[in-house]
Amino acid sequence: MKLEFWENELSEEKRKELIRKAANQVIKRGLETPAVLFLEMHKPLCNVGANAAIVFAPFLVPFLGFDRINEYTMLLQKKENVEALICEIESSAKRTKEEAC
421 MKLEFWENEL
431 SEEKRKELIR
441 KAANQVIKRG
451 LETPAVLFLE
461 MHKPLCNVGA
471 NAAIVFAPFL
481 VPFLGFDRIN
491 EYTMLLQKKE
501 NVEALICEIE
511 SSAKRTKEEA
521 C
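Those letters in the sequence shown? Residues 421 to 521, per the numbering used here, in order.
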């Protein structure tokens, strides 16, 4: 089910940019393992989670902004995007650890 404001799909470059930004924020906070675990556990429910974010949008918009909520809900509604986010977190974390050595 697509909502009215989800009429346009994310472009490939926007999708990659959002995934990269989210992965960088996770790594910056040192939450690689919990984030990957959470995403893997909830991957089958990603569409439900994206729709739940719409329900909670009125509470999240003042903190994150409408555009960011809209973009990330569009991103996280598809399993392949969640899998791409997991892969980006894992590969970025590995690069960060290698650079630290």
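Ideal placement from N, C-alpha and C gives every residue a C-beta, glycine not left out.
**Message:** Rounding to the nearest angstrom, what Cα-Cα distance links Leu480 and Glu519 in this structure?
**Reply:** 35 angstroms
**Prompt:** Start and end of the alpha helix (DSSP H) containing Glu452?
**Reply:** Glu452 to His462
**Item:** Top-ranked residue by Cα proximity to Ala473, from Phe458, Arg435, Leu495 and Glu433
**Value:** Leu495
**Item:** Beta-carbon proximity list for Leu438, same chain, < 8 angstroms, skipping 5 on both sides
**Value:** Leu430, Glu491, Tyr492 and Leu495
**Message:** For Asn428, report the span of its alpha helix (DSSP H) as first-last.
**Reply:** Taken as a continuous stretch (DSSP letters only), Asn428 belongs to no alpha helix (DSSP H), as it is neither H nor E.
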